[in-house]
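For reference, the structure discussed in these notes is given below.
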């Protein structure tokens, strides 16, 4: 009997196959205007302590403004249902990038310790550091999370299991979004380009193109009528549901937000995001085994 991936692979776009798409790769060429600005990145981790107690850790890097008025912040939240169970550094970009320290806090019956050093962190235009930093979370003397590549003495010799459950990126600007994403631990980082072509490029109707590693995986014409949809792609040996909702771009100027989501799944029993309530998905995300990557895109009028 053929395995599930082989069966579904016939109907999925295989990114690694250069002949997988009949669309021209010209759709992936970056137009003359500048890509949208990445405002914030939130990564949700799930840690399992030695006593089998689970804890969600949300790490958010954000940046607002530009030049001397720019402000950066780092927020670490330890309970998605309790916004007060959080630690935050919020200051100007100049002083934020020299930040270094430690802090302890009590969350119910658990003692949490944070240690961070951003003094030599290296950044690109986005708010998340690339390297030269560390952020460490210790829960009840167990190492729950360690981010960054800067060397330091581990605060605990006992490490618990932790995994990245989801990643969310927020952008604002025009309708060109460029980022990178890794969909499994053994996979490589993939270049993702989302582009909405419109009247300013001589088109009568808007067209949505999503490219991964310079290959078109979806191309949606008449986007104002096809503002929601999904496509299955095959990437790094995984089935990945690619879903979009750009309704508010056309019909809700007060919001003007769009959502793009990539979610890995292990089989047919995993329901598509479009079949679920969006708020429930975000609330229950930490209970899922599959990885979700979401892009929130705010189009400036």
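Residue numbers (the working numbering): 6 to 306.
Ideal Cβ placement from N, Cα and C applies to all residues, glycine included.
Given the structure is predicted, the values throughout are model-derived calculations rather than measurements.
Unbroken stretches of the beta strand (DSSP E), 3 residues or longer, contained in the region 124-185: 134-136, 139-144, 147-153, 166-178
Buried versus exposed, by CB contacts within 10 Å (16 or more), residue 282: Because residue 282 carries a pLDDT of 49, less than 50, the predicted location of this residue cannot be relied on, and the following value inherits that uncertainty. The residue in question, residue 282, is exposed, as its Cβ has fewer than 16 Cβ neighbours within 10 Å.
Span of the alpha helix (DSSP H) around residue 254: 252-256
Contacting residues, own chain, Cβ-Cβ under 6 Å from residue 104 (five flanking each side not counted): 94, 123
Buried or exposed by the 16-neighbour rule on C-beta atoms within 10 Å, applied to residue 139: buried
Under the three-state DSSP convention, the category residue 287 falls into: Residue placement at residue 287 is poorly supported in this model, since its pLDDT is 47, which falls under 50; the coordinates still yield a value, given next. It is helical.
According to DSSP, residues forming a beta bridge with residue 262: 303
Under 8 Å between C-beta atoms of residue 174 and residue 163: no
Buried versus exposed call for residue 201 [16 or more other C-beta atoms within 10 Å across all chains shown]: buried
Residue(s) in a DSSP beta bridge with residue 122: 105, 139
Same chain, Cβ closer than 7 Å to residue 29, neighbours up to 5 away in sequence not counted: Since pLDDT at residue 29 reaches only 48, below the 50 mark, its modelled position is unreliable, and the value read off the structure follows with that caveat. Around residue 29: no qualifying Cβ.
Inter-stretch contact (C-beta, 8 Å, three-pair minimum) for the region 53-70 and the region 119-133: yes
Per-residue burial, residue 74 [other beta carbons within 10 Å of its own, 16 or more giving buried]: exposed
Sequence-distant residues of the same chain with beta carbon closer than 8 Å to residue 134, five excluded per side: 66, 123, 126, 127, 128, 153
Beta-carbon spacing of residue 357, residue 302 below 8 Å: Any property of residue 357 remains undetermined from this structure, which presents the chain solely from 6 to 306.
Burial state of residue 304, where buried means 16 or more other Cβ atoms lie within 10 Å: buried
Per-residue burial, residue 114 [other beta carbons within 10 Å of its own, 16 or more giving buried]: exposed
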